[in-house]
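Visitor: Below you will find the structure I want to go over with you.
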Amino acid sequence: MSYQRLLPRYHSIEHSGVQLPNEGQNWLDGKKRSVHSRWQNHQQAVQKLSQLLEQYQWTWPSKTVYFFSDLHADADALTASLIASGGVKVRGKKHRRFKLTKQGKQAQFLIGGDCFDKGPSNLELLRTLSRLHHSGARMRLLAGNHDVRVMLGMRSVNRDDALECKHFFVRMGPKAVPFLSEINDSYLSAPHSLSGVPDTAQCKQRLFPPEQWFDVFPLKAAGLLPDKMIEKEMQRITEKRQDFEMRCDENGLSPRRAYAAALQWQRLFLRNSGEFSWFFKHMRLALRKGSFLFIHAGLDNHIANLIRKKGVKALNREFNKQLQGDPMRFYYGSLANTIRTKYRASDKHLTTAGARQVHEKDMHVIIHGHKSMLNGQRVSLRQSIVNFECDVTLDRHSRQRDGLKGPGAGVTIVRPDKKIIGISTDHPYVKVFDPDDLGQSGV
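Residue numbering for the sequence shown follows this note's numbering, starting at 158 and increasing by one per position.
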């Protein structure tokens, strides 16, 4: 079968800075680079997927979905990935503007979580997303663990009504320091920018949990975490505070400047007039399109039961309710598991019974990020639910850490004509998943 007609047309490729694949390949022909190794061989993967496709009839989205995940503060990776989708044309070199193609006007652009941390510029990524939105793109945002952790951490500064939540700032860890430094450099460079900011001792008191927190936290966490996890969390907070202060020193960020940057973050993100107030307002936990559930990481039995009883819209309402009302309940509960699970022993479990509940709602496929892939997207199985793992390691710092060559780009495209397309700079072919063509692979 020829896959050439299924490939998107790349526009403005000169603005991408990457080499994108130009030939298609049956998804399963990628073998270990495209299929989870739990399947013993290629034939077993074909048989199992064929069996599930026959057992559960997939309802496909009515419009194309472009899924971009784990952008991690890398605006160049976002731009290159948008070009890879075929949904945009790029204008301008420095302040890039986007123009939707015919295909882009009819599609939905879904950002799959983890916009913050790791990469070169959180602010530039957000401004690039804003330009995409203002181009007329139907853009939706999903919550990632990094996004939520930053929100809870920054919001906890100066919050005196919930002592048990005072650890969320230092809980962000050293990864948050570059973001604070970026805000400091961008907004607090004027000579009198620290006027009115308390002294160093008071700033530390407002940033870090007081001694009383170590008495209050175990009481509030009881019932949410096992005793061993509570002890581990308190030890982790002590260590993270030390690491945080050390990283601030290395970046020339005094406690006063860190505190001032946190307050500036609140003005930017939490005030209605803030430049980035749109970000968390439009954030959702999950999105359903037909039989496809788009989410940052995954599911467990509790969430599966909630979906079966009340649906995905109710899941999003509960997400907003907990995030605004009870951060402890959210962060240490099942809802937060959906943005950080990797199905480890320490994560909340999804069993056969949980998967069955999801199937009862006619959802048979999960499209997610979170788990870094080094060879482009991968198909896997969680119980009887087909998963497409779509974190293709986009940001430059993660790529350098993992030994990947050059800048990254990638997009997962779910199409109404019953095709899933995986594009990544780390696989030589465009991966094409066609349910009607599984048995033709491997030849």
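All C-beta atoms, glycine included, are put in the ideal place defined by N, C-alpha and C.
Keep in mind that this is a model prediction, so the values were computed, not measured.
1. Can the beta-carbon of T508 be found less than 8 Å from the beta-carbon of I452?
2. Kindly give me the distance between the Cβ atoms of F266 and R295, rounded to whole angstroms, as I take these residues to be in contact under 8 Å.
3. Which of helix, strand or coil does DSSP assign to G579?
4. If I'm right that L589 touches G181 with Cβ under 8 Å, what's the distance once you round it to whole angstroms?
5. Looking at H229: is its Cβ nearer than 8 Å to the Cβ of K275?
6. Considering only their Cβ atoms, is the gap separating D304 from G270 smaller than 8 Å?
7. For T390 and N462, what's the separation of their Cα atoms in angstroms?
8. Express the C-alpha separation of K385 and S584 in angstroms, rounding to a whole number.
9. Assign N462 to one of three DSSP states: helix, strand, or coil.
10. Taking Cβ positions, are K505 and D457 nearer each other than 8 Å?
11. How is F224 classed by DSSP in three states: helix, strand or coil?
12. Can you grab the Cα-Cα spacing for the pair K361 / V203, in whole Å?
13. Cβ of L551 within 8 Å of Cβ of D186?
14. Looking only at DSSP bridge pairs, what is G511 linked to?
15. Taking a contact to mean a Cβ-Cβ separation below 8 Å, would you say K188 touches H172 in this structure?
16. Under three-state DSSP, which class holds F147?
17. Taking K438 as the reference, give the member of W184, N477, F449 and L531 with the closest Cα.
18. Round the Cβ separation of H459 and S503 to the nearest angstrom and send it over; I've been treating them as touching at under 8 Å.
19. Among the residues of its own chain, which have a CB less than 8 Å from the CB of S191, if the five just before and after it don't count?
20. What is the residue span of the alpha helix (DSSP H) that T357 lies within?
21. As an exercise, report each continuous beta strand (DSSP E) stretch of at least 3 residues that is fully enclosed by the stretch 285-319, in chain order.
22. Is I496 helix, strand or coil by DSSP?
23. Let me know the secondary structure DSSP gives D548 once reduced to three states.
24. Could you give the distance in angstroms between the alpha-carbon of E339 and the alpha-carbon of S352?
25. Does the stretch 395-414 come into contact with the stretch 423-435, if we say contact requires no fewer than three beta-carbon pairs (one atom in each stretch) closer than 8 Å?
Guide: Taking the structure as given:
1. no
2. 6 Å
3. Strand at G579.
4. Note on residue identity: the sequence assigns Val, not Leu, to residue 589. Between G181 and V589 the Cβ distance is about 5 Å, and since that is below 8 Å, they are a contact.
5. yes
6. yes
7. A small fix is needed here, since residue 390 is Glu in this sequence, not Thr. Cα to Cα, E390 sits roughly 28 Å from N462.
8. Here the sequence assigns His to residue 584, which means Ser is not the residue at that position. For H584 and K385, the gap between their C-alpha atoms comes out near 42 Å.
9. helix
10. yes
11. strand
12. 57 Å
13. no
14. Answer by DSSP bridge pairing: none, since G511 is not bridged.
15. no
16. As displayed, the chain neither begins before 158 nor continues past 600, which places residue 147 out of reach and without an answer.
17. For K438, the nearest C-alpha among the options comes from N477.
18. Not really, about 16 Å apart at Cβ, beyond 8 Å.
19. W184, L185, N532, G533, Q534, R535, V536, G579, H584 and K588
20. T357 to L364
21. 295-299
22. For I496, the secondary structure class from DSSP, reduced to helix, strand or coil, is coil.
23. strand
24. Rounded to the nearest whole angstrom, the CA to CA distance from E339 to S352 is 19 Å.
25. no
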